[in-house]
Amino acid sequence: MTIKSFLVSASALVAALLPTFAMADTNKLDPALQREWARQQTPATMSAPVRVARSHAKSVNLPALVQLSNDADVPEVLKSLQAMGVQLRSRTGVILSVMVPRAQLGQVAAMDSVLRLEASRAIPKRVKDGVAASGANSLRTGDAPQWQGLTGKGVIVGVVDDGFDFLHPGFRHTDGSTRILALWDQRADAPGSAPSGFSYGGVCTAEMINAAIAQAQANETVTACTQPSSGGHGTHVASIAAGNGADTSAEAAYEYVGMAPEADLILVNGLNETIEVDFGTDTIIDGVAFIRDQAKALNKKAVVNLSLGSYYGPRDGTSLFEQALDSFVVNDGVLVVGSVGNEGDAPIALADTLAASDSRTIGFDVPDGLPQGRIDIWYDGSGRYALTLQGPNSCDTIPELQAPAVGSARVEWWQETGCGYVDMFATDVQSSNGDRQIQITLMDGDTNSLASGRWQLTLTALPGSGDSRFSMITAEQGGQIQIADQAGITQQIITDTASATHVIGVASYNTNYSWESGTGFYDIDADGYGTGPIGDISTFSSRGPRRDCSDLTKCPQVMKPEIAAPGSYIMAAKAHDYEHEFPEEITPSGQYVAFQGTSMASPHVAGALALMWQSFPDESAMQLRARLLGNTKTNTFTPQLPSFSHSVLMPSQPDYTWGYGILAVDQAVNASEPDLGSGTDNPDTGNPDTGTDNPGTDPEQPNSSSSSGGGGCSLGAAGGSMDPTLPLLVILAALALARRRTTTGELV
């Protein structure tokens, strides 16, 4: 099939089409939905693009997030949407997760009560004992599994991920029954019925899982619950947060106990088949909403872990995905924890300033055999750029693309070229954050594969453009498109889950490189695959801050990450059907495996919060968050770190590597009640940090802020009354299961 060249100004289309859909209404659509709408208007002008990423071609319905005005009459709005054929999936605050019929995009955007619509985006995944390093072991006594003290009992740990082995002994009670309250598989053909309020996937209840366990123990075919573990990332993550260390080998049992070994579990096997990816932003939000609703019905607290995330999108707190995650924390009282990413040492990001009338040429390398890649550029709305793209070895001529004038809609060009298939678009100033966006998608075409080698893109400030900052990201992980000609920065590579203002973004530091495996004692550092000195930040751990947008009233500056936790290497549960490439990373029983990544650091924090909520069931989500971040520790590798203050999102001396310090759940539990002052759950960012910064000179020195004093709470056998909490999840690097044997950054 031949792909026709197409260069379109959506403003010209809108003037002639759908008179009820005014130009201003197109600004309610994010660039992806603007593309969908524009292509509806010109069906005879172009051929269908080949394998366009996230083209939603499988369905007439588009997964999206919708933001309503604060004064919207929600029941009436929902009736109107339903009449248009819009399917409501979930809601938090004024953010809805919906399926919108393509033909109704214009009508939905034209509604006065609808402020913004955002297409679902793809989200990739981002793993000896980090529990002891966190201080959790000191909070419980007694021999496993008869612990006394804090174990997370009565609190819900929620995990949105994939690859859950619900048969693993680490997720069972001592009587053999499951600790999993519910497992929602979001695939269309999943067994069981869809959850209440949803129309897709299937839920395996605790009863169904127990029946499956009985079938497995009887060596029968498991039919009661057939959800696949499919790689085991979720198994490992959930085990770190809340596994109890049980093993089929009595000799090895309870050697690798998770943070909250008696917490309840609710698991969501995330999938978005509509956009042909493992995760979509819409299904992740649905997953967190499911955990929230289950916890509310049980009158329990919930902490949600999201060991996943994307580097595409604004990542400044303004996307509806980020705002929905914040709403779960602030409005629903669900704590959300997210991994920051595993590309701290990958040359995939660049930030700079382009002066008026200046230009900047940037080289980037496409590796052999890469079928598809994407480059995302965000820049100040005061600028207006022209983009020139040149493939390797003069493979073809690609025309210049100029960003639209102020008040005009996006422009786009796509064509199969001698360099492969190329799709470029540029937007006007976006109302959500005051920025403009350029996105380039490169992929194999029908005739020509994506050209490998050195490409170049040139950004030129058009007449009338002021000095402007730009930020560029070239890949979701190392080993894909990498920036050449200059070193890629090691900052501002934070996932869009961790970049949400109130999600706790977690970095990884090194705690262990050796263990007893099925092949004998093994030291992975001695084998050349360490990630820096023990105690130091992991080389792969992504650094902050989150990206600044043009309008700081819409994207207040926030220090990211907030905290560091053990992430390299972590031994935790192995899915029974996961075939690991390196036997030296598996325990003799075959039940546990070593992974590395911020995917493994994040559940340490999620589990810690479950312990804290068991001890302080009456504290709000924001209080518990303050307790955690106000009572970290330092070591000889940490620099001078800022003190935490609930009223300040960006300290005067921020640290974009360690955040406020290292996870120390024992100190957090034994600290006095955090003082949130007169502030609200939306801290003011206009005031500088007036707290005292704490240098990190002593190993494991407390780094407590002024809001959290010394030991106030003594732990008895029970450690306080019990209440649960839910974790959220988004998985960061796709191959977090494998060892970091190369420099391609595949682990998360």
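full-length UniProt numbering puts the sequence shown at residues 1 to 748. Here a beta-carbon is modelled for each residue, glycine too, at the ideal position from N, C-alpha and C.
Just to check my reading of the structure: residue i and residue j have Cβ atoms closer than 8 Å, yes? What is that Cβ distance to the nearest angstrom?
{"i": "L552", "j": "L457", "result": "Not confirmed; about 28 Å, so no contact."}
{"i": "R547", "j": "P314", "result": "7 Å"}
{"i": "S602", "j": "V334", "result": "Actually they do not touch by this definition, with Cβ atoms about 15 Å apart."}
{"i": "S138", "j": "A64", "result": "Actually they do not touch by this definition, with Cβ atoms about 46 Å apart."}
{"i": "I348", "j": "A475", "result": "4 Å"}
{"i": "G130", "j": "T511", "result": "5 Å"}
{"i": "E584", "j": "L629", "result": "With a Cβ gap of about 37 Å, E584 and L629 do not count as contacting."}
{"i": "R187", "j": "L306", "result": "Actually they do not touch by this definition, with Cβ atoms about 19 Å apart."}
{"i": "I123", "j": "G317", "result": "Incorrect: roughly 17 Å between the Cβ atoms, too far for contact."}
{"i": "A575", "j": "G163", "result": "6 Å"}
{"i": "N269", "j": "L183", "result": "7 Å"}
{"i": "D428", "j": "P404", "result": "5 Å"}
Would you mind working out which of the options sits nearest residue i, comparing C-alpha positions?
{"i": "A426", "options": "L450, R410, I534 and T531", "result": "R410"}
{"i": "W515", "options": "S449, I586 and N448", "result": "I586"}
{"i": "S357", "options": "P371, Q415, G383 and L370", "result": "G383"}
{"i": "P702", "options": "G661, E262 and S672", "result": "G661"}
{"i": "D286", "options": "F198, P404 and R360", "result": "F198"}
{"i": "L115", "options": "T178, T26 and A38", "result": "T26"}
{"i": "G231", "options": "L183, D618, Y578 and R360", "result": "Y578"}
{"i": "A484", "options": "P367, Q186, S550 and M208", "result": "P367"}
{"i": "T151", "options": "G479, P654, D675 and W613", "result": "W613"}
{"i": "E343", "options": "I481, Q402, K574 and E400", "result": "I481"}
{"i": "D496", "options": "G544, A253 and G520", "result": "G544"}
{"i": "G135", "options": "L676, L641, P654 and T632", "result": "T632"}
{"i": "W413", "options": "V429, C419, G391 and T441", "result": "T441"}
{"i": "N448", "options": "I209, A224 and Q415", "result": "Q415"}
{"i": "T223", "options": "T235, H236 and I209", "result": "I209"}
{"i": "A260", "options": "G341, I524 and S615", "result": "S615"}
{"i": "L401", "options": "P392, S394, E581 and M424", "result": "M424"}
{"i": "residue 749", "options": "D165, H173, A194 and Y200", "result": "The structure shown has nothing for residue 749, since the chain only spans 1 to 748."}
{"i": "L29", "options": "A83, G85, M111 and L78", "result": "M111"}
{"i": "S113", "options": "Y592, V648 and V77", "result": "V77"}
{"i": "L462", "options": "L387, A132, P651 and G659", "result": "L387"}
{"i": "M637", "options": "F644, W658 and A668", "result": "A quick correction: the sequence has Phe, not Met, at residue 637. Of the candidates F644, W658 and A668, the one whose C-alpha sits nearest the C-alpha of F637 is W658."}
{"i": "T634", "options": "A194, V330, G518 and D536", "result": "D536"}
{"i": "I291", "options": "V329, S359 and E220", "result": "V329"}
{"i": "R454", "options": "V66, G479, F364 and V159", "result": "F364"}
{"i": "residue 751", "options": "D428, S645, P617 and M600", "result": "The structure shown has nothing for residue 751, since the chain only spans 1 to 748."}
{"i": "T169", "options": "A252, I95 and P101", "result": "First, the amino acid is wrong: residue 169 is Pro here, not Thr. Nearest C-alpha to P169: A252."}
If we call anything under 8 Å between Cβ atoms a contact, is residue i one with residue j?
{"i": "H604", "j": "A565", "result": "yes"}
{"i": "S196", "j": "L354", "result": "no"}
{"i": "L308", "j": "D189", "result": "no"}
{"i": "Y312", "j": "I473", "result": "yes"}
{"i": "T490", "j": "D345", "result": "yes"}
{"i": "E36", "j": "F321", "result": "no"}
{"i": "A289", "j": "V157", "result": "no"}
{"i": "residue 767", "j": "L370", "result": "There is no way to answer for residue 767, as the model of the chain reaches only from 1 to 748."}
{"i": "S239", "j": "A572", "result": "yes"}
{"i": "I284", "j": "L181", "result": "no"}
{"i": "L88", "j": "L33", "result": "no"}
{"i": "R374", "j": "Q439", "result": "yes"}
{"i": "R625", "j": "I504", "result": "yes"}
{"i": "residue 754", "j": "S508", "result": "Absent from the model: residue 754. The displayed extent of the chain is 1 to 748, so no value can be given."}
{"i": "V74", "j": "L68", "result": "yes"}
{"i": "Y513", "j": "I493", "result": "no"}
{"i": "P639", "j": "P654", "result": "no"}
{"i": "A664", "j": "A263", "result": "no"}
{"i": "G202", "j": "D185", "result": "yes"}
{"i": "A498", "j": "S339", "result": "yes"}
{"i": "A83", "j": "D326", "result": "no"}
{"i": "H173", "j": "F595", "result": "no"}
{"i": "S97", "j": "D332", "result": "no"}
{"i": "G518", "j": "P588", "result": "yes"}
{"i": "Q623", "j": "P674", "result": "yes"}
Exercise for the section: Only counting runs of 3 or more residues, tell me where the beta strand (DSSP E) segments fall wholly within the region 285 to 339, in order along the chain. Expected result: 302 to 306 and 335 to 339
Exercise for the section: Just list the beta strand (DSSP E) runs in the region 141 to 201, keeping only unbroken ones of 3 residues or longer that don't cross its boundaries, in chain order. Expected result: Whole beta strand (DSSP E) segments, 3+ residues: 156 to 161 and 180 to 185.
Exercise for the section: Output the residue ranges of the beta strand (DSSP E) runs that lie fully inside the region 580 to 617 and measure 3 residues or longer, sorted by chain position. Expected result: Listed in chain order, the beta strand (DSSP E) elements of length 3 or more contained wholly in the region 580 to 617 are 592 to 595.
Practice task
Take every Cβ of the region 375 to 386, pair it with every Cβ of the region 434 to 446, and state whether three or more of those distances are shorter than 8 Å.
Solution key: The region 375 to 386 makes contact with the region 434 to 446; the number of CB pairs closer than 8 Å reaches 3 or more.
Exercise for the section: Report yes or no: do the region 210 to 220 and the region 239 to 246 share at least 3 C-beta pairs separated by less than 8 Å? Expected result: Too few Cβ pairs lie closer than 8 Å, so no.
Exercise for the section: Determine contact between the region 530 to 540 and the region 554 to 561, defined as no fewer than three beta-carbon pairs at a distance below 8 Å. Expected result: No contact exists between the region 530 to 540 and the region 554 to 561.
Exercise for the section: At 3 residues or longer, and completely inside the region 371 to 422: list those beta strand (DSSP E) runs for me, N to C. Expected result: 372 to 380, 385 to 390 and 411 to 417
Problem - Complete runs of the alpha helix (DSSP H) confined to the region 81 to 119 [at least 4 residues] - result: Taken in chain order, the complete alpha helix (DSSP H) segments of 4 or more residues contained in the region 81 to 119 are 105 to 110.
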